[in-house]
Amino acid sequence: PEWAVWAYRGDGLAALFYVENWQLAAVQADYYAADESLASPFQHFWSLSVQGQVFLIWPLIFGLAWLICRKMGWRPVRVLAVLFGLLFAGSLAYSVYITKADQQHAYFDTGARLWEFAFGSLLALAIPFVRSPKWTRVTLGWVGLAGMILCGIVLDVQGVFPGWIVLWPLGSAAAIMIAGSSGSALGVDRFLSWSPV
């Protein structure tokens, strides 16, 4: 309908410029509202907006790391680990606080989500140094998959995200990634690479 074109034009522009998450936070949108008839058709672009913002922030972090390494002569992996570790800790603390104070706002808040991306960056920095026996990788992979499945069944996403509870799915995904290619017929990697899955 014609009214929708005017009603959602701001959301469309916000999605186009990767700030839809802030648009939804500003209007206190309820992502889990039972009545979705008034939900913006652009609402689901919130996560792409957060990712787009991260794609602007991460090069700045890498640039800062490069400057520090150049000036101090330090190793890049360590500098990046410290920078992402600080971002992880600060953003997680903020996420826990803002989720308790205003969960609807926190859900769309970039600052409350940065720690999730920092976690992935720390994992990417750590994985090349992880050495574990085959049985550990097999076990870790299955524990990670079980954690992911249980997360979808057990967690009340509507009431607790994006606070500390996000460590559960992140930790589960990390376990699967650390398990990697187990080299075992019993590994979760064999199951996940099976065509029907």
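Per the working numbering, the sequence shown starts with residue -18, numbered consecutively.
Yeah, the Cβ is synthetic: ideal placement off N, Cα and C, and Gly gets one too.
All values reported here derive from a predicted model rather than from experimental measurement.
Supposed contact pair residue j and residue i - C-beta distance, whole angstroms, cut 8 Å
i, j, result
"threonine 80", "valine 31", "That belief does not hold up - the Cβ atoms of threonine 80 and valine 31 are roughly 15 Å apart, past 8 Å."
"leucine 73", "tryptophan 145", "7 Å"
"glycine 125", "alanine 99", "Rounded, the Cβ-Cβ distance is 19 Å, inconsistent with contact."
"valine 60", "cysteine 50", "6 Å"
"alanine 7", "glutamate 1", "11 Å between Cβ atoms; not a contact."
Coil, strand or helix - residue i by DSSP
i, result
"glutamine 9", "coil"
"glutamate 17", "coil"
"proline 57", "helix"
"glycine 161", "coil"
"tyrosine -11", "coil"
"glycine 44", "helix"
Cα-Cα separation, residue i to residue j
i, j, result
"alanine 93", "histidine 86", "9 Å"
"glutamine 139", "tyrosine 78", "16 Å"
"tyrosine 75", "phenylalanine 65", "15 Å"
"glutamine 34", "leucine 41", "11 Å"
"lysine 115", "tryptophan 123", "13 Å"
"leucine 121", "isoleucine 159", "8 Å"
Buried or exposed by the 16-neighbour rule on C-beta atoms within 10 Å, applied to residue i
i, result
"aspartate 90", "buried"
- Which whole runs of the alpha helix (DSSP H) in the segment 121 to 148 are 4 residues long or more, in chain order? Those alpha helix (DSSP H) runs which fall completely within the segment 121 to 148 and span 4+ residues are 138 to 141.
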